[in-house]
Each structure stands twice: as structure tokens, then as C-alpha cells.
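Note that the sequence shown covers residues 236 to 374 in the working numbering.
Don't be surprised by glycine CBs; every beta carbon is placed ideally from N, CA and C.
Predicted model only: the values in this text are computed from it and were never measured.
Here the structure comes first, spelled out in C-alpha cells, and everything after it is commentary.
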Amino acid sequence: DVVGPQLERSHLDIISAGNAVVEVEVQGQLPALRIQSTTDPSTIENREWSVTRAVDFFAKQCRQQLRLRIGRFNITQAYLDDLTILMDSLCNTATSNGLFRSANLLKLEQDQAQPDTILVEVNLEVLYPANYIKLTLVV
């Protein structure tokens, strides 16, 4: 067993400021540590691992499905319609599976500057983890 110094609540708060949650469930027991952060602390969307994991997973799913449709077809309206149905389906599945609050296809069009390229834009409304609960009691 490793025994360290007794930590006060203020010490645990300082440690927790780096998006590491330190809790001592029972006085005298060793603290539990949970880290749920990435290396980019700029915003909650970039900092929180569960958010970036969901976005990365969705991006991988989209790339896998779209890759099957690259290089085999000419760009026609029917092709664009097929891609729109595919992307709408991916967005709906991600939302119904609880990956995001919402996922909506904003744009799917042929690039005017590079006509062999399709531009796809999806808006994601991410779900945030309950990392903190601030309780105020008024008497």
C-alpha cells in the first residue's frame, strides 16, 4: 500500500481543476481518480473525452459509408440524392442511438471550384456529461 499525505477538500478541488475528478467516498480511504479530458482545454466540446469520442465515432462511420461511393459513380442528381439519403440515415441513427441530441445534414453539394468533389456539412448537437452538480440550499 502507498500512503500519502492527508488531503483537505481544498487540495482535492485544486487537483480536480484539471478535469480530473477526485473523490474520497469514506473518510480514511484512498481517493478515487477519474480523468475524462483531452489535451485541448479550450472548450467543453474539445476538452471532454466523451464528446470528442462521439464526434470521432460518427466521423468514422460517415467516412466508411462514403468511401464505398467514391470513384465508382458520376456525379448526377440521382447520386447526390443517394448520398443525401445515406447521410440523413446516419444522422438519424446517431440521434436515435443516443450519440447526439441532434444531427442534421446542412449541405451536400458539388464543389464549384473542384467539380469532382462533394461537400458535405453536418450540424451536431452534442450531449454533455454531468461532471458537476452545484447545489445551493436556501433557508
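Anticipated Cβ contact below 8 Å, residue i with residue j, distance rounded
| i | j | result |
| --- | --- | --- |
| Leu334 | Asn358 | Wrong, their Cβ atoms sit about 14 Å apart, outside the cutoff. |
| Leu362 | Arg336 | 6 Å |
| Leu301 | Thr319 | Rounded, the Cβ-Cβ distance is 12 Å, inconsistent with contact. |
| Met322 | Val290 | Met322 to Val290, Cβ: 15 Å. No contact. |
| Gly313 | Cys326 | Checking the displayed sequence, the identity of residue 313 turns out to be Ala instead of Gly. Ala313 to Cys326, Cβ: 20 Å. No contact. |
Between the CA atoms of residue j and residue i - distance to the nearest angstrom
| i | j | result |
| --- | --- | --- |
| Asn309 | Arg298 | 19 Å |
| Asp351 | Leu265 | 59 Å |
| Asp346 | Ala294 | 20 Å |
| Ile305 | Thr328 | 22 Å |
| Phe292 | Ser285 | 10 Å |
| Ser324 | Ser331 | 10 Å |
| Leu370 | Gln241 | 26 Å |
| Gln349 | Thr311 | 15 Å |
| Arg307 | Ile368 | 52 Å |
Residues that DSSP places opposite residue i in a beta bridge
| i | result |
| --- | --- |
| Val361 | Phe335 |
| Ala318 | The amino acid at residue 318 is misidentified as Ala; the sequence shows Leu. Leu318 pairs with nothing; no bridge assigned. |
| Lys295 | None; Lys295 has no bridge partner. |
| Ala348 | None, per the DSSP bridge assignment. |
| Ile353 | Gln345 |
Sequence-distant residues of the same chain with beta carbon closer than 7 Å to residue i, five excluded per side
| i | result |
| --- | --- |
| Glu360 | Phe335, Arg336, Ser337 |
| Gln296 | Leu325 |
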